[in-house]
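*Asks:* What follows is a structure written as structure tokens; I'll ask about it next.
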Amino acid sequence: MSHLGIFVDRKTLSNSEQLNALISCRDIAEGMGHDVDFIFPVDIHKIPKMDALFIRARTDPLNVTYVAARMAEFHGIPVIDDPRSIRICSDKVNMYSHLIKKNISLPKTVFLSKTHLTVEEVTHLFDELGSPLIVKEPSTSFSLRVEKVNDIAGFFRVARRFIKLSDWIVVQQYIESRYDWRVGVLGGKLLYVCKYTIPSDTFKIQASVNGHLVYCGVESISPDKVPPHVIDLGIDAANAIGRGLYGVDIKNNNGDAYVIEVNDNPSIESGEDDCYPRVFEQIVSHLFTT
Ligand SMILES: Nc1ncnc2c1ncn2[C@@H]1O[C@H](COP(=O)(O)OP(=O)(O)O)[C@@H](O)[C@H]1O
Ligand SMILES: [Mg+2]
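The sequence shown runs 0 to 289 under numbering that gives the first Met the number 0.
In structure tokens form, the structure reads like this:
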């Protein structure tokens, strides 16, 4: 019998949605004939005994999930997310560079270092990319360090804050849309699609508004109701990163689709898979056949 490890941490288990999704994943894997162990960071030494590893904790090259992914890879154990995908997706400069290399449709995107932060350069950016602009700190996640700026003074307020955290900042053309498509891709194939509807008081899928956290609405969408070019773009973008599990965020504006981000470790606990009951089964069988 083969052994699946599901790597979790206390944060993964901080709400009932996450707990239910993990239990459902375990039950499905057991139903397929596998033994399943939840592995917490203190149990990391158990990884070499597993036949496959599914990481369901926040991935970052600077935390223990990355060590878990590297350990699995070192021992030849199939792992989602693999270390390379974690490295690429955790750094937007790296992630966008992979997409640009494969000619994936993106909002106009520029990387700026400290030396480029001059009034002339920024004036030129507003001329070239339009207004407002989106500014991102490359290691952002959960929309934390993504801001919309309308003028040069606003740009410098944000850029000065972000450039203290990183050698580069990302500046992007703003793409108007009330929701992000999220295309889930596994091993180069479509896994699920959902819509993340942006809360009315912000432009991003989650934000702190007047001290309160607001979250996007989630709606799973069956493939026949998704524009085919959105699905194709999601798959192409995922393939530009690797062959693991990815959630690709796409904005569709007047028929033109743009990749906003490729995420490793996409969340699958908030109803993303309602129209796709086989998501966990497909992930488990992918792990045991690669
Ligand atoms: N170029 C853009 N135009 C419009 N909205 C954007 C743009 N880039 C990001 N956003 C919004 O901000 C959110 C967070 O940006 P994202 O690049 O995904 O950063 P993070 O890694 O922090 O989630 C996105 O889900 C999207 O709704
Ligand atoms: Mg995002």
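From the three backbone atoms N, C-alpha and C, an ideal C-beta is built for every residue, glycine too. Note that the structure is predicted; figures quoted are calculated from it, not measured.
(1) Do you know whose CA, among 9, 66 and 217, lies nearest residue 86's CA?
(2) How big is the Cα-Cα spacing for residue 242 and residue 186?
(3) According to DSSP, what are the bridge partners of residue 171?
(4) What are the uninterrupted segments assigned as alpha helix (DSSP H) that are 4 or more residues long and contained completely in the stretch 30 to 110, given in chain order?
(5) Roughly how many angstroms lie between the CA atoms of residue 5 and residue 227, to the nearest whole one?
(6) Pick from 9, 273 and 64: whose alpha carbon is nearest that of residue 221?
(7) Output the boundary residues of the beta strand (DSSP E) element that contains residue 196.
(8) Kindly indicate the opening and closing residues of the beta strand (DSSP E) around residue 238.
(9) Whether or not the stretch 75 to 85 and the stretch 282 to 289 are in contact is what I'm after, with contact meaning three or more pairs of Cβ atoms, one per stretch, closer than 8 Å; do they touch?
(10) Can you find the residues in the same chain that come closer than 8 Å, C-beta to C-beta, to residue 230, ignoring five residues on each side of it along the sequence?
(11) Any heavy atom of ligand 1 closer than 7 Å to the Cβ of residue 212?
(12) In three-state DSSP terms, what is residue 116?
(13) Could you check whether residue 245 and residue 263 sit closer than 8 Å to each other, using their CB atoms as the reference points?
(14) Sorted by chain position, which residues of the same chain lie with C-beta nearer than 6 Å to residue 50's C-beta, five sequence neighbours on each side aside?
(15) DSSP three-state label for residue 15, please.
(16) Using the three-state DSSP reduction, which class does residue 127 fall into: helix, strand or coil?
*Replies:* On the basis of the coordinates in this document:
(1) Your numbering for residue 86 matches position 87 in the sequence shown. Out of 9, 66 and 217, 66 has the C-alpha closest to the C-alpha of residue 86.
(2) Position 243 of the sequence shown holds residue 242. Position 187 of the sequence shown holds residue 186. Each residue's alpha carbon lies about 4 Å from the other.
(3) Here residue 171 refers to the residue found at position 172 of the sequence shown. In the DSSP output, where bridge partners are listed per residue, residue 171 has 108 and 133.
(4) 63 to 73, 82 to 88 and 91 to 100
(5) To locate residue 5, count along the sequence shown from 1; it is residue 6. To locate residue 227, count along the sequence shown from 1; it is residue 228. Rounded to whole angstroms, residue 5 to residue 227 spans 33 Å at the Cα level.
(6) On the sequence shown, position 222 is the one that residue 221 refers to. Taking only the C-alpha atoms, the option nearest residue 221 is 273.
(7) Within the sequence shown, numbered from 1, the residue matching residue 196 stands at position 197. Looking at the DSSP string, the run of the beta strand (DSSP E) that includes residue 196 is 188 to 196.
(8) By one-based count along the sequence shown, residue 238 stands at place 239. Here residue 238 belongs to no beta strand (DSSP E); instead the alpha helix (DSSP H) covers 227 to 240.
(9) yes
(10) Within the sequence shown, residue 230 is the residue found at index 231, counting from 1. Counting only Cβ-Cβ distances below 8 Å, and skipping sequence neighbours, we find 182, 189, 192 and 222.
(11) The residue you call residue 212 lines up with position 213 of the sequence shown. The answer is no for residue 212.
(12) Working through the sequence shown from its first residue, we reach residue 116 at position 117. Coil.
(13) Here residue 263 is taken as the residue at index 264 of the sequence shown, counted from 1. Here residue 245 is taken as the residue at index 246 of the sequence shown, counted from 1. Cβ distance < 8 Å, so residue 263 and residue 245 count as in contact.
(14) For the purposes of this step, residue 50 is identified with residue 51 of the sequence shown, where counting begins at 1. Cβ neighbours of residue 50 beyond the five flanking positions: 1 and 2.
(15) As a first step, residue 15 must be located in the sequence shown, where it is residue number 16. Here residue 15 sits in helix by DSSP.
(16) If you number the sequence shown from 1, residue 127 lands on position 128. Three-state DSSP puts residue 127 in a helix.
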